[in-house]
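Just below is one structure, and these are the notes that go with it.
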């Protein structure tokens, strides 16, 4: 690896330096656009005591759900944790700490973390359990609460296509939390379906510039569908 | 105009409802990617007492500079006002109120305005004249100041290509402030080089969704270059 | 007669206007998309990052990378756009979506809504609901008027943890359509065959009954 | 001998490392791009929304839509990307740019910098400079050591309005390279043929002179 070439060739190398009790920011929405192989590698490494910020915690046996099986996660920061019996059980028993965070606030906390903004005001959550203990301030007659940004020791994400410099394109709704998650990690690790040579992506069509990406790996993906819903012709 | 068709056919119609003493958020950086024809229409209308947020104020006789000639602008919110003698003169004489705002803070204030975030903390400007009178707070041992968001009665901007629904693509560094400016205007007016039929733009390649755009017009552009700098072969 | 799910969806669809960008929550709100009048264009926003959601895919069109906020496979209409979650909620929080329709457990006459949690029983999380109710000016809540045991869900004060405070102005139940203003429910329409008295009996919060309460037309 | 503009640019270029994303201010910093070693890759960020700025265009390549932060026409290198101003400053403010080099009127030994305004005389605005100095960990300021009349620009305390407070750790002048730490300038290198005494004489802020002060190699 020299210059701006971010490509690594093994998942072991991709997550080198990940240690117990670190914080990880993860992309994906449900099982859509999740970094499947990076999650599997975390399971393989057996890293424990993790704090993970991700919109969901996967489902039983899929996505981040597999890290619950060996209790590798200490704390989840998520907006929605349904569809996951093991998660609910660990949360109810107190084994797993959960910070429920509204979806838009979570996305903005990641963006702010990557953008050097330590805190912002939002109306979301004012007057609800989410606002408890947070500063309230009025602007133009409306109430807002102060939310702090999120940064991680690592971020793990999935994109569709990349060049070797880590310039990224996402595909359809697999984009979701991935761009912001990447910006919020001190070491941002991204897995993609295809790596192309530098110069092959149109600079106007890059969704996230490679400056945010530290390590890039090409993988193959299962892409499990949670709710396969079809119409008949 | 029905449904989501945002196209208007005259510049008069494009700025219908613009009145004296309104606030306008404008896209463009220097003379690059500026809404030339919308600015000309403001001059033609003779609207006065305007507050305009834009990174620059154009140059003498070009861009927003032409609105200074008849003193249509009451206040500029800008990061850089060099290259404009008339501007400096009106500022020095006190005819024109100027709120110098750091470029990144200005961009973020527009984005925040469009995104329903009334205020955010940034380290930019702490301990400088920009920070005077603003709340200071420490996060993780660093000092930050509180900046409020910007919204406008109108926003005026320029994009490259649009479909009739107002989905936008920008070209090269003419993107600059345009996407955020559009989101921050209650009535967002965008002029483009080309309007294509709905369905012709790839949903993954749209830079700004049409939901932010109220009126769309196709124009022709002078595209003045401020510093034509070339190398020899 | 209390409205069926399909009838609720039909009444929701009467809130649509040509050119509206609409976010429809899971369940009955989503069904309303089936009742968009033929001469009207409505564009559906899905908060996971899609504007211009289309119908469910044919079997051969299914794409794991194209889902809605309920994690169902969907399609895109011409003129659709894709964006990140941060952009999606910038759109929602910034008030750019014209209408939001979502379900709830309870609504009270202060405009508070509880929809995401039943302590000790159900903790699934709020997803995007808190952002949606805080961001939209124009929100319609759809729910049943009362529990199966007859306990009102239109309360003087919500008992469950709130999703949003003072943000709901319109509620559609299986019995009635009500506006909320100045700490009171105001009865606007009653379901066909449902009496004003029955609605009043099942509404715990203060209810204003104007002289003319229309019967819904579906 | 005081360094020439070209020599200053050469010394700036010694701060580059392979794989660095760098933002170069207008003037001498921009010249440093001409001295990137052949075996090293450096990518230039232009805060108006371009990462991967190339050389000036040939006459026939000139594109009004492709300029740098100094409003000059430029080109893009392979692997370049384009983004909005908000994204550009997210990148800068978030500390993702590895090195920022910019000019100044004054720097003091508290790490303060004044670069954008001379009250009553020059009010051009700060552009992106305040964001750049607040966002970067690694900043080098380039400037002349003293005014033409011999007044030091390396002060105990800046006299002009500040661009940033306590954010500058390294200053390159036409006479010397200095670090700033704990309220003091620390002399690291002297320009070829310039004596430590001369530098000390023209430095108003407290100056630490280590035993070994290297002569710059250019």
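Residue numbers (the numbering used here), protein chains in the order written: chain A, 724 to 956; chain B, 724 to 956; chain C, -12 to 205; chain D, -12 to 205. The beta carbon of each residue, even a glycine, is placed where N, CA and C say it ideally should be.
Whether residue 899 of chain B touches residue 199 of chain D by CB criterion (8 angstroms) = Against the second chain, residue 899 of chain B aligns to sequence position 176. Against the fourth chain, residue 199 of chain D aligns to sequence position 212. Not a contact, by the Cβ cut-off of 8 angstroms.
Looking only at C-alpha atoms, which of C/153, C/130, C/170, C/105 sits nearest to residue 124 of chain C?
-> The sequence position of residue 124 of chain C within the third chain is 137, counting from 1. It is C/153 whose Cα lies nearest to the Cα of residue 124 of chain C.
For the beta strand (DSSP E) containing residue 664 of chain A, list its first residue and its last residue.
-> The structure shown has nothing for residue 664 of chain A, since chain A only spans 724 to 956.
Closer than 7 angstroms, Cβ to any Cβ of chain B: which residues of the region 925 to 943 of chain A, in chain order?
-> 927, 928
Going by C-alpha distance, which of A/942, A/933, A/954 is nearest residue 69 of chain D?
-> Position 82 of the fourth chain, counted from the first residue, corresponds to residue 69 of chain D. Here the closest residue by C-alpha is A/933.
By Cβ distance below 6 angstroms, which residues in the same chain neighbour residue 944 of chain A in space, the five residues on each side in sequence not counted?
-> If you number the first chain from 1, residue 944 of chain A lands on position 221. Within the same chain, residue 944 of chain A has close Cβ partners 759.
Using DSSP with H/G/I as helix, E/B as strand and the rest coil, what is residue 724 of chain B?
-> Taking the second chain and counting its residues from 1, one reaches residue 724 of chain B at position 1. Any reading at residue 724 of chain B needs caution, since the residue's pLDDT is 47, under 50, leaving its predicted position unreliable; the model's value is listed next. Correct three-state label for residue 724 of chain B: coil.
Start and end residues, beta strand (DSSP E) containing residue 1 of chain D = Here residue 1 of chain D is taken as the residue at index 14 of the fourth chain, counted from 1. Neither: residue 1 of chain D is in no beta strand (DSSP E) and is coded neither H nor E.
Return the residue from the list A/956, A/951, A/800 that minimises the CA-CA distance to residue 58 of chain C.
-> Position 71 of the third chain holds residue 58 of chain C. If we check each option's Cα against that of residue 58 of chain C, A/951 comes out closest.
CA-CA distance, residue 30 of chain C and residue 812 of chain B?
-> Taking the first residue of the third chain as position 1, residue 30 of chain C is located at position 43. Taking the first residue of the second chain as position 1, residue 812 of chain B is located at position 89. Straight-line Cα distance between these residues: approximately 49 angstroms.
Pairwise C-alpha distance: residue 784 of chain B and residue 792 of chain B = Numbered from its first residue, the second chain carries residue 792 of chain B at position 69. Numbered from its first residue, the second chain carries residue 784 of chain B at position 61. Going by the C-alpha atoms only, they are around 8 angstroms apart.
Would a check of beta-carbon distances place residue 28 of chain C closer than 8 angstroms to chain B?
-> If you number the third chain from 1, residue 28 of chain C lands on position 41. By this cut-off, residue 28 of chain C is an interface position.
Extent of the continuous alpha helix (DSSP H) run through residue 834 of chain B | As a first step, residue 834 of chain B is located in the second chain; it is residue number 111 there, counting from the start. 826 to 837 is the span of the alpha helix (DSSP H), which, as asked, contains residue 834 of chain B.
Partners in chain A for residue 840 of chain B, counting only beta-carbon separations shorter than 7 angstroms = What you label residue 840 of chain B is simply residue 117 of the second chain in a count that begins at 1. Those are 843, 844, 845, listed as they occur along chain A.
Cα separation between residue 735 of chain B and residue 764 of chain B?
-> In the second chain, counting from the first residue as 1, residue 735 of chain B sits at position 12. In the second chain, counting from the first residue as 1, residue 764 of chain B sits at position 41. Whole-angstrom Cα-Cα distance: 7 angstroms.
For residue 889 of chain A: DSSP bridge partner residues | Here residue 889 of chain A is taken as the residue at index 166 of the first chain, counted from 1. For residue 889 of chain A, which the question treats as bridged, DSSP gives no partner whatsoever.
At least one CB of chain D closer than 8 angstroms to the CB of residue 921 of chain A: is that the case?
-> As a first step, residue 921 of chain A must be located in the first chain, where it is residue number 198. It does: the Cβ of residue 921 of chain A has a partner Cβ on chain D nearer than 8 angstroms.
Ranges of the beta strand (DSSP E) found wholly within the region 119 to 199 of chain D, counting only runs of at least 3 = 126 to 130, 157 to 160, 163 to 168, 171 to 177
Under 8 angstroms between C-beta atoms, does residue 740 of chain B make it to chain C?
-> Walking along the second chain from the start, residue 740 of chain B turns up at place 17. Judged by the 8 angstroms Cβ criterion, residue 740 of chain B is not in contact with chain C.
Please name the residues in the region 71 to 99 of chain C whose beta-carbon is closer than 7 angstroms to at least one beta-carbon of chain B, in chain order.
-> 77, 78, 80, 81, 82, 83
Looking at the C-beta of residue 895 of chain B, does it have a partner C-beta in chain A at a distance below 8 angstroms?
-> On the second chain, residue 895 of chain B is found 172 positions in, with the first residue counted as 1. So yes, residue 895 of chain B belongs to the interface.
Rounded to a whole number of angstroms, what is the C-alpha to C-alpha distance between residue 935 of chain B and residue 76 of chain C?
-> In the second chain, the residue the question calls residue 935 of chain B occupies position 212. In the third chain, the residue the question calls residue 76 of chain C occupies position 89. Answer to the nearest angstrom: the Cα atoms are 13 angstroms apart.
Counting Cβ pairs, one atom from each stretch, are 3 or more of them under 8 angstroms apart for the region 16 to 32 of chain C and the region 82 to 100 of chain C?
-> yes
For residue 876 of chain A, return the contacting residues in chain D, with the cut-off set at a CB-CB distance below 9 angstroms.
-> By 1-based counting over the first chain, the position of residue 876 of chain A is 153. In chain order: nothing, as chain D lies at least about 15 angstroms away.
Proximal residues of chain A, C-beta to C-beta of residue 57 of chain C below 8 angstroms = Position 70 of the third chain holds residue 57 of chain C. Result: 950.
Answer with yes or no whether the minimum CB distance from residue 746 of chain A to chain D is below 8 angstroms.
-> Locating residue 746 of chain A in the first chain gives position 23, where the first residue counts as 1. It does not: the Cβ of residue 746 of chain A has no partner Cβ on chain D nearer than 8 angstroms.
Would you report the Cα separation of residue 826 of chain A and residue 160 of chain D, rounded to the nearest angstrom?
-> Here residue 826 of chain A refers to the residue found at position 103 when the first chain is read from its first residue. Here residue 160 of chain D refers to the residue found at position 173 when the fourth chain is read from its first residue. The alpha-carbon atoms of residue 826 of chain A and residue 160 of chain D are separated by roughly 50 angstroms.
Could you round the C-beta distance between residue 122 of chain C and residue 79 of chain C to whole angstroms and report it? I think they count as a contact, below 8 angstroms.
-> If you number the third chain from 1, residue 122 of chain C lands on position 135. If you number the third chain from 1, residue 79 of chain C lands on position 92. Indeed they touch by this definition, with Cβ atoms about 4 angstroms apart.
For the region 113 to 133 of chain D, which residues have a CB atom closer than 9 angstroms to at least one CB atom of chain B, in sequence order?
-> 113, 114, 115, 116, 117, 118, 119, 120, 121, 122
CB contact flag (residue 948 of chain A, residue 51 of chain C, <8 angstroms) | Translated into positions along the first chain, residue 948 of chain A becomes position 225. Translated into positions along the third chain, residue 51 of chain C becomes position 64. Going by C-beta atoms, residue 948 of chain A is nearer than 8 angstroms to residue 51 of chain C.
Out of curiosity, what's the CA-to-CA distance linking residue 715 of chain A and residue 828 of chain A?
-> Beyond the ends of chain A as shown, which are 724 and 956, falls residue 715 of chain A; an answer cannot be given.
If we cut at 8 angstroms on Cβ distances, does residue -11 of chain C have a partner in chain B?
-> Numbered from 1 along the third chain, position 2 holds the residue referred to as residue -11 of chain C. Residue -11 of chain C does not count as touching chain B.
Note down the Cα distance separating residue 96 of chain C from residue 83 of chain C, rounded to an integer number of angstroms.
-> Walking along the third chain from the start, residue 96 of chain C turns up at place 109. Walking along the third chain from the start, residue 83 of chain C turns up at place 96. For residue 96 of chain C and residue 83 of chain C, the distance between alpha carbons rounds to 26 angstroms.
Which whole-angstrom value is the C-beta distance of residue 175 of chain C and residue 186 of chain C, which I expect to be below 8 angstroms?
-> Walking along the third chain from the start, residue 175 of chain C turns up at place 188. Walking along the third chain from the start, residue 186 of chain C turns up at place 199. Rounded, the Cβ-Cβ distance is 11 angstroms, inconsistent with contact.
Scan the region 29 to 48 of chain C for residues whose Cβ lies nearer than 9 angstroms to a Cβ of chain B and list them as they occur along the chain.
-> 29, 30, 32, 37, 38, 39
Terminal residues of the alpha helix (DSSP H) in which residue 813 of chain A lies | For this step, residue 813 of chain A is matched to residue 90 along the first chain. Segment 808 to 816, the alpha helix (DSSP H) holding residue 813 of chain A.
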